[in-house]
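Residue numbers (our numbering): 960 to 1091. Taking it in order: structure first as structure tokens, then the write-up.
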Amino acid sequence: MADQIDPLRIEPQLMFTGDAQAAIDLYTSAFGGSAIEHVQRADDGTIAFAAFSLAGQRFRCIDSAPVHDFTFTPSISLAVDCAQAADVDALVGVLAADGQVFMPLDTYPFNERYAWVADRFGVSWQIGVGAA
């Protein structure tokens, strides 16, 4: 086995097709402790590269110039642990608007308050109380 590499960090990078700024705005307005750290625009005004943080977790995103035959897949989700059920309800309300609900807000054997949704951009979120 080769020597292990110690990267500086591993961060999710989200690829949008023209609506990265709208996604950044939605996410940073929904989560406390959020910040837009860097935005670099392409000549056409889209996001060439951006970095933002949600509750201390850093994300990167871009607007892809080429149109692809794929989008986000729900097989990878952003998991959010909330301190209380009311926070779960509030986040699901914001993120599920004009999106898709895979598992509705409810009590499940694995979590007292939980939902699995995709937002209007197709990003999958699994939101519940405490650690899953």
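From the three backbone atoms N, C-alpha and C, an ideal C-beta is built for every residue, glycine too.
For residue j and residue i, believed in contact at Cβ under 8 Å, the rounded distance
i       : j       : result
Val1047 : Val1088 : 6 Å
Pro1033 : Ser1083 : 4 Å
Cys1041 : Ile1006 : Not quite, the Cβ-Cβ distance comes to about 28 Å (not below 8 Å), so this is no contact.
Test item: CB-CB of residue i and residue j under 8 Å
i       : j       : result
Arg1019 : Gln972  : yes
Thr990  : Phe1080 : Reading off the sequence, residue 990 comes out as Phe, not Thr. Not closer than 8 Å, so no.
Leu1037 : Val1051 : no
Ala1024 : Phe1011 : no
Val1039 : Gly1058 : no
Arg1072 : Ala1044 : yes
Val1060 : Ala1074 : yes
Ala1001 : Ile983  : no
Ile1035 : Ala979  : no
Gly992  : Gly1015 : yes
Tyr986  : Leu967  : no
Three-state secondary structure assigned by DSSP to residue i
i       : result
Val1060 : strand
Ala1091 : Residue placement at Ala1091 is flagged as unreliable, the pLDDT there being 48, under the threshold of 50; the coordinate-derived value follows with that caveat. Coil at Ala1091, not helix or strand.
Ala1045 : helix
Leu905  : Outside the shown range of the chain, which is 960 to 1091, sits residue 905, and nothing can be said about it.
Val1076 : strand
Ser1083 : strand
Residue i Cβ short of 7 Å to the ligand NAD heavy atom set
i      : result
Leu973 : As for the ligand NAD, it is missing from this structure, which has no ligand bound.
C-beta neighbour in chain B for residue i, strict 8 Å
i       : result
Arg1019 : Of the chains in the structure shown, none is chain B; there is only one protein chain.
(message) As an exercise, report each continuous alpha helix (DSSP H) stretch of at least 4 residues that is fully enclosed by the region 978-1040, in chain order.
(response) Qualifying alpha helix (DSSP H) stretches, in chain order: 979-989.
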